[in-house]
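Just below is one structure, and these are the notes that go with it.
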Amino acid sequence: MTTPNVVLLMTDQHRQGFTAGEGFALDTMPFCDRLAARGTRFTNGYTPTPACVPARTSLLTGRYPSAHRVRQNSAVDAVYRTTDLVDMLGDAGHQTMFAGKPHMYRREPDFDQWSGPFGHEGGPRRDGPDGATDEAFAAWLKSIDHGPALAPTAFALEAQFPHRIVSDAIEAIDKRDPDRPFALWVSFPEPHNPYQVPEPYFSMFPPESVPDRACGPEAAERKGGDWLWLRRLVESKRPGYDDLWRRYRASYCGMLRLLDEQIQRLYEHLDGAGLTEDTLFVFVSDHGDYVGDYGLQRKGAGLPEALMRIPFFVTGPGVEQRVDDSNFVSLVDLFPTLCEALGQPIPYGVQGRSFWPVVTGSPYPPAEFASMYGEGGFGGLPYGVDERPPLHFDYEGTKYDCLNSVTQSGVTRMLRRGQWKLLYDVLGRGELYDLRADPMELDNLWGEPAYEQVRAGLVEELLWWALRVTDDLPEYRYLPKRCEHNWYAPLRHDDGNRPWSSRAAFRERTGEQ
């Protein structure tokens, strides 16, 4: 079999559930929905943590933030790792190409071809007359200070970063060595704020057409703590912030369509060059966005599904065509999966598990992908909502930092299994939610006697995960034992009494549907 090429398509702050193929009322990304239908789309795809740099570092290393040590965006070069995704692709003989937003420890010298860095307030200046446009666009982006543009962007499609990034990616493809496989990482800064988009995308989904949100500011008030702190901070710096949520969401949807058309442009170029049949396409994001829910935009407080759940699909040679709504997968799992797809060993230190057998129809133990683990916080004790620790930005003026010292402090661990979600933090505060009945996580069942057995089973599962992700680096004389695919379930002790010993047993004991 020919060694497949790899195209990794990554968006930024892109929440799962905002395309028609994912059940959304508006047809925001028709091409990507069609592309996903050619492969395996995971409805339970997750980020290990809802922050850009830690999540991208997990994708590259196959390690959780507590292991790779990048637990906040400012710690980009603190990474602790061995062989990573870029190393592995080179070992497999691929030409490595990057175009877009890095926000990671890998930089231009690490790739055979590079275009960037693109960010949320600018990108590389082009030569000739386009350079003046690039400078003016960057200045305008800075002027709106990561807020929403209430009118169509005056800068045309060709100045928008998705168009420029795809143009650069196409150029890289055309310049490659045709006798070697390639790996192309296309990393878009959108639909991350600032929420701006040109016509026709600004008017494509009018605010009145946007579906109602699941909850508003009252939900942040009800949740309290850092949720309420963030909500009040936002409103104090941008009075009337919540009144514009439909415009925010309409622009978010318009940017998704702009992204979709550029991804289609890239795909059609690859197809015209005869490259799509031998190429694995992976589509993910680094984390989600509130998109108006809880009276919030962007990210910050908590580990809600709005931030943790991401679009996640794989298509290409050998990949089955189906929607997978039972298995939980994470960005941490992507590196070991690509190792297996390309015939490379999974390096020591990798904590993710390969889901390659899942997408190719090979046998796998359902228990291996029956739960998902996530992390939050940069460590220490959490700051209280009555404290005023330093922000990245001053309190005065119009700026605010969604990833601030209050919302990101402390340590929280999360578990997802079936319809249940469990969270536990360094102060011993627990949360338990039945997502089927309470998808916005507003009714904490932790202390309810009727859910004691569910809670106990999930706490023990979380403890098992805590042991599983214990870091086995650095390497010394004695190497840790590993199971094929980096799985644990085949070797896990099962006395038949635990509520998760099988999916059937778990459902019988907890009433899960």
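Under UniProt numbering, the first residue of the sequence shown carries the number 1, and numbering increases by one thereafter. All residues carry an ideal CB built from backbone N, CA and C; glycine is no exception. Here the structure is a predicted model, which is why all the values come from computation and not from measurement.
Pull up the CB-CB distance for residue i and residue j, whole angstroms please, since I reckon it's below 8 angstroms.
i           : j           : result
residue 460 : residue 413 : The pair is not a contact, with the Cβ atoms about 13 angstroms apart (cut-off 8 angstroms).
residue 32  : residue 263 : 6 angstroms
residue 292 : residue 249 : 5 angstroms
residue 179 : residue 2   : Contact flag wrong, Cβ pair sits at about 12 angstroms.
residue 35  : residue 315 : 6 angstroms
residue 472 : residue 349 : 6 angstroms
residue 328 : residue 369 : 5 angstroms
residue 194 : residue 254 : In fact, because the Cβ distance is near 13 angstroms, the residues do not count as touching under 8 angstroms.
residue 301 : residue 227 : 4 angstroms
residue 247 : residue 207 : 5 angstroms
residue 259 : residue 162 : 5 angstroms
residue 220 : residue 288 : Not quite, the Cβ-Cβ distance comes to about 16 angstroms (not below 8 angstroms), so this is no contact.
Using the Cα positions of residue i and residue j, report the straight-line distance between them to the nearest angstrom.
i           : j           : result
residue 112 : residue 239 : 47 angstroms
residue 182 : residue 334 : 17 angstroms
residue 397 : residue 237 : For residue 397, the predicted structure reports a pLDDT of 46, less than 50, and the residue's modelled location is therefore unreliable. The matter cannot be settled from this model.
residue 442 : residue 306 : 13 angstroms
residue 43  : residue 379 : 30 angstroms
residue 420 : residue 445 : 10 angstroms
residue 233 : residue 402 : 9 angstroms
residue 480 : residue 492 : 16 angstroms
residue 217 : residue 469 : 36 angstroms
residue 229 : residue 339 : 42 angstroms
residue 5   : residue 280 : 6 angstroms
residue 580 : residue 462 : In the structure displayed, the chain extends from 1 to 513; residue 580 sits before or after that span and is not available.
residue 499 : residue 225 : Low confidence applies here, because residue 499 scores a pLDDT of 47, under 50, leaving its location unreliable; read the following figure in that light. Spanning the two alpha carbons is a distance of roughly 32 angstroms.
residue 235 : residue 192 : 20 angstroms
residue 212 : residue 406 : 29 angstroms
residue 382 : residue 458 : 24 angstroms
residue 373 : residue 47  : 9 angstroms
residue 109 : residue 440 : 43 angstroms
residue 119 : residue 140 : 14 angstroms
residue 40  : residue 11  : 18 angstroms
residue 19  : residue 123 : 27 angstroms
residue 393 : residue 14  : With a pLDDT of only 47 at residue 393, under the threshold of 50, the placement of this residue in the model should not be trusted, and no figure is reported.
residue 395 : residue 465 : Below a pLDDT of 50, predicted positions are generally treated as unreliable, and residue 395, at 47, falls in that range; the measurement from the model is reported next regardless. If you take the alpha carbons of residue 395 and residue 465, they lie about 39 angstroms apart.
residue 38  : residue 114 : 29 angstroms
residue 490 : residue 326 : 18 angstroms
Please list the terminal residues of the continuous alpha helix (DSSP H) segment that includes residue i.
i           : result
residue 174 : 161–175
residue 236 : 225–237
residue 341 : 334–341
residue 320 : Per DSSP, residue 320 belongs to no alpha helix (DSSP H) and is neither H nor E.
residue 141 : 130–143
residue 99  : Looking at the DSSP string, residue 99 is not in any alpha helix (DSSP H); the run it does join, the beta strand (DSSP E), is 95–100.
residue 61  : 52–61
Out of the options, state which residue places its alpha-carbon closest to the alpha-carbon of residue i.
i           : options            : result
residue 154 : 119, 197, 122      : 197
residue 251 : 107, 97, 203       : 203
residue 482 : 406, 362, 352, 454 : 352
residue 231 : 472, 265, 201, 290 : 290
residue 77  : 97, 95, 87, 102    : 102
residue 100 : 160, 300, 456, 384 : 160
residue 345 : 108, 247, 485      : 485
residue 145 : 158, 303, 162, 121 : 121
residue 158 : 195, 133, 447, 385 : 133
residue 453 : 474, 475, 429, 422 : 422
residue 410 : 45, 66, 20, 29     : 66
residue 174 : 16, 266, 86        : 266
residue 475 : 83, 12, 326        : 83
residue 85  : 241, 209, 45, 337  : 337
residue 297 : 242, 357, 177, 171 : 242
residue 434 : 416, 466, 424, 357 : 416
residue 30  : 137, 261, 268, 299 : 261
residue 270 : 221, 358, 176      : 176
residue 342 : 56, 79, 17, 87     : 87
Counting along the chain, where does the beta strand (DSSP E) carrying residue i start and finish?
i           : result
residue 420 : 420–425
residue 187 : 182–191
residue 114 : 113–115
residue 433 : 430–434
residue 262 : Segment 245–272 is the alpha helix (DSSP H) holding residue 262; no beta strand (DSSP E) there.
residue 42  : 40–42
residue 31  : That residue, residue 31, is in no beta strand (DSSP E); its alpha helix (DSSP H) goes 30–37.
> Are there three or more Cβ pairs, one per stretch, closer than 8 angstroms when the segment 157–174 is compared with the segment 319–326?
Replying inline: Verdict: no, contact absent.
> For the 8 angstroms Cβ check, are there 3 or more pairs between the segment 187–206 and the segment 264–284?
Replying inline: With a cut-off of 8 angstroms, the segment 264–284 and the segment 187–206 do not count as touching, because too few Cβ pairs lie within range.
> At a cut of 8 angstroms, does the segment 88–96 reach the segment 61–75 through at least three beta carbon pairs?
Replying inline: Fewer than three beta-carbon pairs drawn from the segment 88–96 and the segment 61–75 are found closer than 8 angstroms, and the two stretches are therefore not classed as touching.
> Pairing CB atoms from the segment 64–73 with CB atoms from the segment 45–52, are three or more of them under 8 angstroms?
Replying inline: As far as the Cβ criterion goes, the segment 64–73 touches the segment 45–52, which means the pair count is three or higher.
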